[in-house]
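There are 2 protein chains.
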Amino acid sequence: MGDPYRVKPGQKVKLSDIDPRDTDALGSEDEARGRLYLDATAIDTLQDRLYAEGKRSLLVILQGMDTSGKDGTVRGVFNTTGPLGVQVTAFRRPSEEEMAHDFLWRAHLAAPRRGTIGIFNRSHYEDVLVVKVRKLVPASDIEKRYDQINAFEKMLTENGVTILKFMLHISKAEQRERLQERLDDPKKHWKFNPGDLDDRKSWGDFMDAYETMLHRCSTEWAPWRIVPADRKWARNAVIADVVRKTLEDMNPTYPKVSWDPKSIKIV
Amino acid sequence: MGDPYRVKPGQKVKLSDIDPRDTDALGSEDEARGRLYLDATAIDTLQDRLYAEGKRSLLVILQGMDTSGKDGTVRGVFNTTGPLGVQVTAFRRPSEEEMAHDFLWRAHLAAPRRGTIGIFNRSHYEDVLVVKVRKLVPASDIEKRYDQINAFEKMLTENGVTILKFMLHISKAEQRERLQERLDDPKKHWKFNPGDLDDRKSWGDFMDAYETMLHRCSTEWAPWRIVPADRKWARNAVIADVVRKTLEDMNPTYPKVSWDPKSIKIV
Chain A
72 MGDPYRVKPG QKVKLSDIDP RDTDALGSED EARGRLYLDA TAIDTLQDRL
122 YAEGKRSLLV ILQGMDTSGK DGTVRGVFNT TGPLGVQVTA FRRPSEEEMA
172 HDFLWRAHLA APRRGTIGIF NRSHYEDVLV VKVRKLVPAS DIEKRYDQIN
222 AFEKMLTENG VTILKFMLHI SKAEQRERLQ ERLDDPKKHW KFNPGDLDDR
272 KSWGDFMDAY ETMLHRCSTE WAPWRIVPAD RKWARNAVIA DVVRKTLEDM
322 NPTYPKVSWD PKSIKIV
Chain D
72 MGDPYRVKPG QKVKLSDIDP RDTDALGSED EARGRLYLDA TAIDTLQDRL
122 YAEGKRSLLV ILQGMDTSGK DGTVRGVFNT TGPLGVQVTA FRRPSEEEMA
172 HDFLWRAHLA APRRGTIGIF NRSHYEDVLV VKVRKLVPAS DIEKRYDQIN
222 AFEKMLTENG VTILKFMLHI SKAEQRERLQ ERLDDPKKHW KFNPGDLDDR
272 KSWGDFMDAY ETMLHRCSTE WAPWRIVPAD RKWARNAVIA DVVRKTLEDM
322 NPTYPKVSWD PKSIKIV
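Printed below as a string of structure tokens:
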């Protein structure tokens with residue numbers, strides 16, 4: 072499938088040039104769903120090896136506007152693997168304790184332990200996205216954060232954490248449909264927060280902030296990928312493919328033990 | 072199916088009287104597997120409502136000797152639900168930081184947040200099991216822990232945490248088979264730790280410690296259940312049935328929102 076979604080280091084991205092409905096690299100929906108099934112199964116097996124090896128971990132960072140499908144990605148790609156060895160951390164409005172530390176503190180605390188897959192549903196990138204758009208800290212502080220994030224992620228990768236970052240790219244029109252669904256279905260009302268519409272009003276500012284983030288923080292060691300996300304099946308297929316290939320490249324191995332299995336008698 | 076596995080408050084249990092291969096309450100294996108499938112699916116749906124409601128949580132505590140199937144239970148019962156809203160905490164040998172606190176500190180830290188299911192793979196009960204058998208703290212301290220645990224769990228339940236505790240009851244013969252499998256299959260060597268055989272040598276002492284735990288800590292608010300676990304399908308069927316019924320009794324509901332959905336226009 073190649074890797075058409077990856078942002079090269081230093082590359083400038085215009086999100087308006089990227090079609091959130093693009094499925095060109097995927098073939099038909101049926102084919103993509105078939106591959107997703109196989110990928111999810113392979114990810115499960117590879118996770119087992121990662122856990123057995125116990126030396127490295129995988130961190131999957133999901134960012135995107137409201138309704139872009141961060142929860143749906145977890146379900147679609149990681150449900151076969153299950154909760155054993157996969158930990159999801161949702162980054163909400165920071166607590167007082169978290170605010171009393173630097174912005175990377177809570178991300179570091181949630182870093183996946185060796186042998187596991189960690190998924191960040193939102194992440195430290197909120198601190199150069201919503202925090203920037205709403206001007207919650209001075210612009211000069213934001214400016215320093217891109218390099219701080221890159222250094223932080225570099226340190227993680229040098230210590231055995233492989234990092235994958237996916238920006239779920241949905242259109243403003245698709246978001247309207249999904250928000251409307253939440254209004255129309257009483258079972259989905261709880262997912263809707265009238266305050267979310269403020270972010271929608273600042274759509275352009277958010278896209279600018281995303282573009283800067285993609286430009287400044289897609290590194291050799293922790294690249295961003297932009298995932299067309301208007302179609303859920305396409306979004307899942309792209310991400311599952313990258314996760315599977317990444318785990319295959321990591322090639323975790325069952326550890327050799329230091330004792331002789333034949334010498335042991337169980338009584 | 073009734074609830075034949077539950078230990079009544081104050082009840083004295085002799086584990087040697089309970090057959091680890093018992094499947095009397097379950098019908099045929101095929102029937103039990105069919106129900107497991109339906110139960111796992113129902114648990115997924117109920118978890119979604121629990122998450123939407125966001126007010127209460129479920130804590131599932133799994134205890135048992137090595138190879139009794141704690142990991143297997145997580146896979147068998149909770150893989151359909153997936154990692155979103157389910158968090159597994161494995162209680163390993165305590166760290167220096169954990170040892171510098173009371174024995175309930177790390178359990179409290181891992182308590183499930185509202186709206187989620189937390190699974191303890193081993194738990195604070197290790198502090199009245201292995202710690203007791205290996206005499207790692209004075210007997211007079213152990214003696215106080217049963218009531219301390221009961222008070223801790225009572226506090227949790229009074230604050231919205233429903234607690235289910237399962238002792239996975241396997242026979243010494245079944246453990247031998249499972250340990251031997253780990254020795255025979257190079258892919259399973261990493262699961263085998265020669266030190267584990269020490270626990271096996273103290274099998275009788277462990278059973279005594281389990282019996283005291285079951286007698287002293289099966290409360291109205293947080294009952295123990297003894298699950299015959301020599302047969303994996305039976306173990307999963309029993310636990311899934313209890314989890315499902317417990318969530319059904321909790322009956323989490325989609326919250327009513329304070330705003331009028333019809334008044335909101337998405338532009």
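As you go down the protein sequences, you meet chains A and D in turn. Just so it is clear: in the first sequence, position 262 is 333 by the working numbering, and no numbers are missing. Just so it is clear: in the second sequence, position 138 is 209 by the working numbering, and no numbers are missing. Note that CB positions come from ideal geometry on N, CA and C, so glycine has one too.
> Checking contacts by CB at 7 Å: is GLN18 of chain A closer than that to chain D?
Replying inline: Here chain A has residues from 72 to 338 only, and residue 18 of chain A is not among them.
> Is the Cβ of GLY266 of chain A closer than 7 Å to any Cβ of chain D?
Replying inline: No, GLY266 of chain A does not count as interfacial toward chain D.
> Apart from the five residues just before and just after ARG302 of chain A, which ones in its own chain have a Cβ nearer than 7 Å to its Cβ?
Replying inline: Close CB contacts of ARG302 of chain A within its chain, under the 7 Å cut and outside five residues either way in sequence, are with ARG92 and THR94 (chain order).
> Quick one: is HIS179 of chain A buried, meaning 16 or more other Cβ sit within 10 Å of its Cβ, or exposed?
Replying inline: Flag for HIS179 of chain A reads exposed.
> Expressed to the nearest angstrom, what Euclidean distance is found between the alpha-carbon atoms of MET72 of chain D and GLY147 of chain D?
Replying inline: Legend: pLDDT at MET72 of chain D = 47, less than 50; position of this residue unreliable, no value from coordinates given.
> How big is the Cα-Cα spacing for HIS286 of chain A and GLU168 of chain A?
Replying inline: Each residue's alpha carbon lies about 31 Å from the other.
> What are the boundary residues of the alpha helix (DSSP H) that GLN219 of chain D is part of?
Replying inline: 210 to 229 is the span of the alpha helix (DSSP H), which, as asked, contains GLN219 of chain D.
> So which residues of chain D does LEU165 of chain A contact, with C-beta pairs closer than 9 Å?
Replying inline: According to the sequence as given, residue 165 of chain A is Pro; it is not Leu. What PRO165 of chain A touches in chain D, judged by beta-carbon distance under 9 Å, is nothing: the nearest beta carbon there is about 15 Å away.
> Under a three-way DSSP split, which group does THR233 of chain D fall into?
Replying inline: THR233 of chain D: strand per DSSP, three-state reduction.
>> Restricting to Cα atoms, I'd like to know which of A:VAL338, A:VAL314 and A:ASP331 is closest to THR116 of chain A.
In response: The shortest Cα separation from THR116 of chain A among A:VAL338, A:VAL314 and A:ASP331 belongs to A:VAL314.
> DSSP beta-bridge partners for ILE132 of chain A?
Replying inline: Looking at the DSSP assignment, ILE132 of chain A forms a beta bridge with A:PHE191 and A:LYS236.
> By Cβ distance below 8 Å, which residues in the same chain neighbour ALA311 of chain A in space, the five residues on each side in sequence not counted?
Replying inline: These residues qualify, in order along the chain: ARG106, LEU107, ASP110, ALA111, ILE114, GLY147 and VAL148.
>> Quick check on ALA340 of chain D - is its C-beta less than 7 Å from some C-beta in chain A?
In response: Given that chain D is displayed from residue 72 to residue 338, the structure contains no residue 340 of chain D and the question cannot be resolved.
> Just to confirm, are THR317 of chain A and LEU227 of chain A a CB contact at a threshold of 7 Å?
Replying inline: It is not a contact, given that the beta carbons lie outside the stated cut-off.
>> Please list, in chain order, the residues of the region 195 to 217 of chain A that have any C-beta partner in chain D closer than 7 Å.
In response: Within the region 195 to 217 of chain A, no residue qualifies.
>> Strictly below 8 Å CB to CB, what residues from chain D border ASP142 of chain A?
In response: For ASP142 of chain A, the chain D residues whose Cβ falls inside 8 Å of its Cβ are LEU155, in order along the chain.
> When DSSP labels each residue in this structure, what does MET72 of chain A get in the three-state scheme?
Replying inline: In this predicted model, MET72 of chain A has a pLDDT of only 47, less than 50, meaning its place in the structure is not dependable; the value taken from the coordinates is given anyway. Reduced to three states, the DSSP call for MET72 of chain A is coil.
> Can you tell me whether LEU200 of chain D is buried or exposed, with buried defined as 16 or more other CB within 10 angstroms of its CB?
Replying inline: By the neighbour-count criterion, in which a residue is buried when 16 or more other Cβ atoms sit within 10 angstroms of its Cβ, LEU200 of chain D is buried.
> Excluding five sequence neighbours on each side, which residues of the same chain lie with their C-beta closer than 7 Å to the C-beta of GLU197 of chain A?
Replying inline: Cβ neighbours of GLU197 of chain A beyond the five flanking positions: PHE162.
> Exposed or buried, what is GLY275 of chain D when buried is set at 16 or more other beta-carbons lying within 10 Å of its beta-carbon?
Replying inline: A residue is called buried when at least 16 other Cβ atoms come within 10 angstroms of its Cβ; GLY275 of chain D does not meet this threshold and is exposed.
> Which two residues bound the contiguous beta strand (DSSP E) that contains TRP295 of chain D?
Replying inline: Counting along the chain, the beta strand (DSSP E) containing TRP295 of chain D begins and ends at 295 to 299.
>> Can you check whether the C-beta of VAL148 of chain D is within less than 7 Å of a C-beta belonging to chain A?
In response: No - not a single Cβ of chain A is within 7 Å of the one on VAL148 of chain D.
> Does DSSP put ARG77 of chain D in a helix, in a strand, or in coil?
Replying inline: DSSP places ARG77 of chain D in strand when its eight states are reduced to three.
>> Quick check: what's the CA-CA separation for ALA222 of chain D versus ALA244 of chain A?
In response: A straight-line Cα-Cα distance of about 53 Å links ALA222 of chain D and ALA244 of chain A.
>> Can you find the residues in the same chain that come closer than 6 Å, C-beta to C-beta, to ASP267 of chain A, ignoring five residues on each side of it along the sequence?
In response: Here the set comprises ASP137.
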